[in-house]
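Numbering (the working numbering), first residue to last: 30 to 164.
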């Protein structure tokens, strides 16, 4: 069996993209298609290797807010995004460059969420994991 090429994603893309109900089509239709493909992969793939990246990833590169090697979104520029990612990593209990399958990431996120960051996330109302689950 051929092994799948690994994909690199930032922590907030691993933890948030699969669970958001937001539509990003206003940014760019091609970006929305990539968001949808990434979401589907993270929710359904069993074997896809995914590495947690400290740097901008494929989603960033396609986003119209990505300029000169950094996020320039008014929702959170590069320095802010790096802070979010560091917080998520601490809560996940893994370092950058951790390599797991999409299924393993999904299970880890399920176990560790909702994250403390979710409590102050401006997009929590669009998220299916931001709310505490019954014990």
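Note that the Cβ used here is the ideal one computed from N, Cα and C, for glycine as well. Since this is a predicted model, take the numbers as computed values, not measurements.
{"Query": "Which whole-angstrom value describes the C-beta separation of residue 37 and residue 80, a residue pair presumed to lie in contact below a C-beta threshold of 8 Å?", "Result": "5 Å"}
{"Query": "In three-state terms, what does DSSP make of residue 108?", "Result": "helix"}
{"Query": "Using 10 angstroms around the beta-carbon of residue 48, count the other beta-carbons present and answer buried if the total reaches 16, otherwise exposed.", "Result": "buried"}
{"Query": "For the beta strand (DSSP E) containing residue 128, list its first residue and its last residue.", "Result": "128-130"}
{"Query": "Do residue 82 and residue 39 come within 8 Å of each other at the CB atom, strictly closer than that value?", "Result": "yes"}
{"Query": "Ordered along the chain, which non-local residues of its own chain (more than five positions away) have a Cβ less than 8 Å from that of residue 91?", "Result": "57, 59, 60, 63"}
{"Query": "List the DSSP bridge partners of residue 80.", "Result": "37, 128"}
{"Query": "Between residue 132 and the rest of its own chain, which residues show a CB-CB distance below 6 Å, the 5 nearest in sequence each way excluded?", "Result": "75"}
{"Query": "Would you tell me roughly how many angstroms separate the C-alpha atoms of residue 160 and residue 114, rounded to the nearest one?", "Result": "19 Å"}
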